[in-house]
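Colleague:
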Amino acid sequence: LPLVALPPSMRNLPEGGWRIEGAPATGRLDPATTNTLAEIARRLAAVPGRVTVVAQVAGPAEDISVARRAALANAQEIRRALEAGGLPGTRIDLRPIGRTAAAEDAVELLPPGVPSPSLTAQSQQAAPPK
Numbered sequence: 001l002p003l004v005a006l007p008p009s010m011r012n013l014p015e016g017g018w019r020i021e022g023a024p025a026t027g028r029l030d031p032a033t034t035n036t037l038a039e040i041a042r043r044l045a046a047v048p049g050r051v052t053v054v055a056q057v058a059g060p061a062e063d064i065s066v067a068r069r070a071a072l073a074n075a076q077e078i079r080r081a082l083e084a085g086g087l088p089g090t091r092i093d094l095r096p097i098g099r100t101a102a103a104e105d106a107v108e109l110l111p112p113g114v115p116s117p118s119l120t121a122q123s124q125q126a127a128p129p130k
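Quick note: the sequence shown uses UniProt numbering, first residue 1, plus one each step.
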């Protein structure tokens with residue numbers, strides 16, 4: 001996909017896709033992030049395949065269930081913004097991973113076929129030593 005001008009809350013991922021950080025990653029979307037997500041949604045709607053939203057949260061560390069629900073709520077907010085921009089919700093997969101070792105609020109928006117850096121890092125940490 002062509003590059004999009006990004007607000008301070010977003011950055012391009014090396015393998016493709018975008019990372020949302022700060023308040024917008026916790027579901028509090030500012031106008032600049034909302035407008036950028038709408039533009040990305042229009043571009044993603046023009047290509048076939050499924051889009052993945054991977055959400056992680058900074059905490060709480062002591063309650064996995066609460067962290068997973070918070071990550072889901074953040075992912076749902078990004079999905080709503082993408083739907084408002086024209087991307088059908090039936091093409092959006094949500095992956096709320098809760099709190100990771102990175103302990104940060106972040107959402108990755110991945111075009112079809114792009115792997116998630118967060119999920120890759122998480123699986124490497126979970127792998128048993130050889």
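Every residue, glycine too, gets a C-beta built ideally from N, C-alpha and C.
Do residue 66 and residue 107 have their C-beta atoms within less than 8 Å of each other?
Modeller: Cβ atoms of residue 66 and residue 107: not closer than 8 Å.
Colleague: Using only alpha-carbon positions, find the residue among 40, 22, 83, 48 that is nearest to residue 56.
Modeller: It is 22 whose Cα lies nearest to the Cα of residue 56.
Colleague: Helix, strand or coil, according to DSSP, for residue 60 in the structure here?
Modeller: In this structure, residue 60 counts as coil in the three-state DSSP scheme.
Colleague: Thinking just about the alpha-carbon of each residue, which of 95, 101, 3, 104 is nearest to the one in residue 50?
Modeller: When each option's Cα is compared against that of residue 50, the closest is 95.
Colleague: Where does residue 87 fall in DSSP's three states?
Modeller: Looking at residue 87 - three-state DSSP - the assignment turns out to be coil, as it is neither helix nor strand.
Colleague: Whose C-beta lies closer than 8 Å to the C-beta of residue 60 among residues of the same chain, with five residues either side of it excluded?
Modeller: Cβ within range, chain order: 66, 67, 99.
Colleague: Quick check: residue 78 and residue 119, are their CB atoms within less than 8 Å of each other?
Modeller: No; because the gap between Cβ atoms is not below 8 Å, this pair is not in contact.
Colleague: If you draw a straight line from the C-alpha of residue 75 to the C-alpha of residue 63, how long is it?
Modeller: Rounded to whole angstroms, residue 75 to residue 63 spans 19 Å at the Cα level.
Colleague: If you draw a straight line from the C-alpha of residue 88 to the C-alpha of residue 45, how long is it?
Modeller: So the two alpha carbons sit approximately 7 Å from each other.
Colleague: Buried or exposed: residue 103, going by 16 or more other Cβ atoms within 10 Å of its Cβ?
Modeller: Label assigned to residue 103: exposed.
Colleague: In terms of residues, what are the limits of the beta strand (DSSP E) holding residue 31?
Modeller: First-last for residue 31: 31-45, but that is the alpha helix (DSSP H), not the beta strand (DSSP E).
Colleague: Return the CA-CA distance between residue 81 and residue 72, expressed in angstroms with no decimal places.
Modeller: Straight-line Cα distance between these residues: approximately 14 Å.
Colleague: Mark residue 129 as exposed unless 16 or more other C-beta atoms lie within 10 angstroms of its C-beta, in which case mark it buried.
Modeller: Per-residue confidence for residue 129 stands at a pLDDT of 46, beneath the threshold of 50, marking its modelled position as unreliable; the derived number appears in the next sentence. When all chains shown are included, residue 129 counts as exposed.
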